[in-house]
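One structure is given here, and the rest of the page talks about it.
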Amino acid sequence: PFRTLDNVLATPHIGYVTENNYRTFYGQMIEDIQAWHAGSPIRLLG
Numbered sequence: 001p002f003r004t005l006d007n008v009l010a011t012p013h014i015g016y017v018t019e020n021n022y023r024t025f026y027g028q029m030i031e032d033i034q035a036w037h038a039g040s041p042i043r044l045l046g
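Heads up: the sequence shown begins at 1 in the UniProt record's numbering, then just goes up one per residue.
Right under this line is the structure:
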């Protein structure tokens, strides 16, 4: 496997995440739950 090679540096996939990303993600998650609970879901897929 790649992880046993001396010339491979494996890093977590979340290396791009910033505090702002988390604020946006969790803020929208709360909005989605509140809207769904009120019977008016937002950001629908498909």
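Using N, Cα and C, we set each Cβ at its ideal position, and we do this for glycine too.
- For residue 4, the secondary structure class from DSSP, reduced to helix, strand or coil, is helix.
- Distance between residue 26 and residue 41, taken at the CA atoms: about 16 Å.
- In the structure shown, residue 35 falls within a helical segment according to DSSP collapsed to helix, strand and coil.
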